[in-house]
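Line order of the protein sequences matches chains Y and C. Heads up: the first sequence at position 139 corresponds to 138 in numbering that gives the first Met the number 0, and the numbers run straight through without jumps. Heads up: the second sequence at position 55 corresponds to 54 in numbering that gives the first Met the number 0, and the numbers run straight through without jumps.
Number of protein chains: 2
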Amino acid sequence: MPGPSVQMNEMRFPGDVEDRLSLSERYCALQGSRLTDTRRQVLGMILSSPRPIGAYDLLDLLRSHHRNAAPPTVYRALEFLSDHGLIHKIERLSAFVGCSHRLRCHHGKACGHRAQFLICRTCGIVKELENDETESAVNLAARNVGFHVEHTTIEVEGICAQCAEHVS
Amino acid sequence: MPGPSVQMNEMRFPGDVEDRLSLSERYCALQGSRLTDTRRQVLGMILSSPRPIGAYDLLDLLRSHHRNAAPPTVYRALEFLSDHGLIHKIERLSAFVGCSHRLRCHHGKACGHRAQFLICRTCGIVKELENDETESAVNLAARNVGFHVEHTTIEVEGICAQCAEHVS
DNA sequence: TTGCCCCTGTTATAACATAACGAAGCAGTG
DNA sequence: CACTGCTTCGTTATGTTATAACAGGGGCAA
Ligand SMILES: [Zn+2]
Ligand SMILES: [Zn+2]
Ligand SMILES: [Zn+2]
Ligand SMILES: [Zn+2]
Numbered sequence: 000m001p002g003p004s005v006q007m008n009e010m011r012f013p014g015d016v017e018d019r020l021s022l023s024e025r026y027c028a029l030q031g032s033r034l035t036d037t038r039r040q041v042l043g044m045i046l047s048s049p050r051p052i053g054a055y056d057l058l059d060l061l062r063s064h065h066r067n068a069a070p071p072t073v074y075r076a077l078e079f080l081s082d083h084g085l086i087h088k089i090e091r092l093s094a095f096v097g098c099s100h101r102l103r104c105h106h107g108k109a110c111g112h113r114a115q116f117l118i119c120r121t122c123g124i125v126k127e128l129e130n131d132e133t134e135s136a137v138n139l140a141a142r143n144v145g146f147h148v149e150h151t152t153i154e155v156e157g158i159c160a161q162c163a164e165h166v167s
Numbered sequence: 000m001p002g003p004s005v006q007m008n009e010m011r012f013p014g015d016v017e018d019r020l021s022l023s024e025r026y027c028a029l030q031g032s033r034l035t036d037t038r039r040q041v042l043g044m045i046l047s048s049p050r051p052i053g054a055y056d057l058l059d060l061l062r063s064h065h066r067n068a069a070p071p072t073v074y075r076a077l078e079f080l081s082d083h084g085l086i087h088k089i090e091r092l093s094a095f096v097g098c099s100h101r102l103r104c105h106h107g108k109a110c111g112h113r114a115q116f117l118i119c120r121t122c123g124i125v126k127e128l129e130n131d132e133t134e135s136a137v138n139l140a141a142r143n144v145g146f147h148v149e150h151t152t153i154e155v156e157g158i159c160a161q162c163a164e165h166v167s
């Protein structure tokens with residue numbers, strides 16, 4: 000009876016997603032971390048989703064290829080991916096998106112990459128911006144009251160350009 | 000057998016909180032809204048808390064004065080207070096703080112008040128800033144990609160001035 | 001071999017939030 | 001007052017998101 004001892008079938012993703020997964024694998028290896036099967040599959044599912052996806056939706060998807068998956072399975076993977084800057088959590092949605100910056104960045108885990116997220120309330124698509132002026136302004140304002148900034152969450156809700164066109 | 004038909008005892012708050020509650024009551028009246036007993040008590044509890052307080056902590060407090068309180072009781076009050084700009088939700092904490100702006104503002108419900116929140120990860124205290132440069136920068140960045148902004152969430156995690164002193 | 005660290009499996013529970021429906025209260029109106 | 005419409009609230013149940021806690025497996029180095 001051939002086959003692996005654990006019920007984990009390989010999940011196939013579109014070519015561009017596979018490319019990003021390969022890059023992510025190499026990126027993790029350089030950090031001395033391992034992009035294991037589960038982590039890779041969760042990342043692939045996030046990258047394949049056109050909009051932010053929640054932990055329990057990921058769990059449902061994961062289960063069709065990984066029988067034993069439970070909430071901690073997903074949350075552990077999400078924590079790893081988040082720690083390594085491969086994904087971002089959108090707080091307002093309790094959902095996750097792939098980082099559109101990380102794979103273009105050569106500074107590693109602690110590069111201080113900060114972003115702003117534009118959330119369209121019509122189509123649900125989230126765009127990641129990296130606007131230095133915004134970061135500078137908020138950092139300055141915080142320092143002016145003696146606050147030491149460690150992490151900034153900026154999430155903008157509104158209507159994206161696409162959706163605005165459709166209405167007019 | 001005297002007493003009200005509903006088990007709702009008046010809760011007493013410190014003088015400064017009572018002052019803000021009175022102002023809030025007048026503010027709501029001007030809007031044609033009613034700051035009912037439950038809403039007033041929830042607001043009072045939020046204003047009395049030195050740090051953000053979660054819905055279920057509010058529920059526990061509320062129950063000692065209001066036997067029948069259930070989750071919807073609290074969430075309805077929170078929605079009302081939030082809609083009227085009297086409180087803010089801190090997304091990263093799923094918890095609520097009183098607005099430090101509203102009672103100084105004469106523009107009413109739709110004044111477009113926007114704020115940034117500095118969350119100290121040591122003491123848990125949250126400070127509300129109103130920095131126009133930050134708002135301008137993020138609005139500009141969004142408009143540059145054709146995004147129509149409706150609401151912005153800015154939450155900064157780090158160490159407050161107080162706590163930074165204690166360490167050094 | 002032993003000990004250590006990382007990763008995972010598994011069960012259970014905590015924490016946060018809303019759906020749905022009916023009744024009570026509080027306007028105005030005739 | 002009786003009628004009506006609207007807001008608020010009580011109540012029960014359920015949905016959604018996230019973590020605690022502990023055991024086991026597998027690689028690697030001393
Ligand atoms: Zn990013
Ligand atoms: Zn859109
Ligand atoms: Zn405010
Ligand atoms: Zn502090």
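Beta carbons are placed, not taken as given, at the ideal position from N, Cα and C, and that holds for glycine. These figures come from a predicted structure and were not determined experimentally.
Along the beta strand (DSSP E) that carries T151 of chain C, what are the first and last residues, could you check?
Looking up residue 151 of chain C in the second sequence gives position 152. From DSSP, the beta strand (DSSP E) with T151 of chain C extends over 147-158.
Inter-residue Cα distance where the pair is H64 of chain C and L57 of chain C
Locating residue 64 of chain C in the second sequence gives position 65, where the first residue counts as 1. Locating residue 57 of chain C in the second sequence gives position 58, where the first residue counts as 1. If you take the alpha carbons of H64 of chain C and L57 of chain C, they lie about 11 Å apart.
Let's test the definition: count the other Cβ atoms within 10 Å of the Cβ of L29 of chain Y and tell me whether it reaches 16, buried, or not, exposed.
As a first step, residue 29 of chain Y must be located in the first sequence, where it is residue number 30. Flag for L29 of chain Y reads exposed.
Measuring alpha carbon to alpha carbon, tell me which of Y:V41, Y:A141, Y:I118, Y:N138 ends up nearest A76 of chain Y.
One-based indexing of the first sequence puts residue 76 of chain Y at position 77. Considering only alpha carbons, the answer is Y:V41.
Taking 7 Å as the cut-off, is the CB of C98 of chain Y close to at least one heavy atom of ligand 1?
Residue 98 of chain Y sits at position 99 when you count from the first residue of the first sequence. For ligand 1, at least one heavy atom lies less than 7 Å from the Cβ of C98 of chain Y.
Between A94 of chain C and N67 of chain Y, what straight-line distance do the alpha-carbon atoms span, to the nearest angstrom?
Counting from one through the second sequence, the residue named residue 94 of chain C turns up at place 95. Counting from one through the first sequence, the residue named residue 67 of chain Y turns up at place 68. In this structure, the CA atom of A94 of chain C is about 33 Å from the CA atom of N67 of chain Y.
Locate the alpha helix (DSSP H) running through C27 of chain Y, then write down its first and last residues.
Within the first sequence, residue 27 of chain Y is the residue found at index 28, counting from 1. Counting along the chain, the alpha helix (DSSP H) containing C27 of chain Y begins and ends at 14-30.
For ligand 1, any of its heavy atoms closer than 7 Å to the Cβ of E127 of chain Y?
Here residue 127 of chain Y refers to the residue found at position 128 when the first sequence is read from its first residue. E127 of chain Y Cβ: within cutoff of ligand 1.
Residue burial classification, Y55 of chain C (beta-carbon count within 10 angstroms, cutoff 16)
Translated into the one-based positions of the second sequence, residue 55 of chain C becomes position 56. Exposed, since its Cβ has fewer than 16 Cβ neighbours within 10 Å.
Is the beta carbon of I118 of chain Y within less than 7 Å of some heavy atom of ligand 2?
Position 119 of the first sequence, counted from the first residue, corresponds to residue 118 of chain Y. No.
For my contact list, G245 of chain C and H147 of chain Y are in at a C-beta cut-off of 8 Å; report their separation, rounded to the angstrom.
The shown model of chain C, from 0 to 167, leaves out residue 245 of chain C, and the question about it has no answer.
Output, in sequence order along the chain, the residues in the segment 83-104 of chain Y whose CB is closer than 8 Å to any CB in chain C.
Residues E90, R91.
Can you tell me the Cα-Cα spacing of Q161 of chain C and A114 of chain Y, whole angstroms?
Translated into the one-based positions of the second sequence, residue 161 of chain C becomes position 162. Translated into the one-based positions of the first sequence, residue 114 of chain Y becomes position 115. Using only the alpha carbons, I get a separation of about 28 Å.
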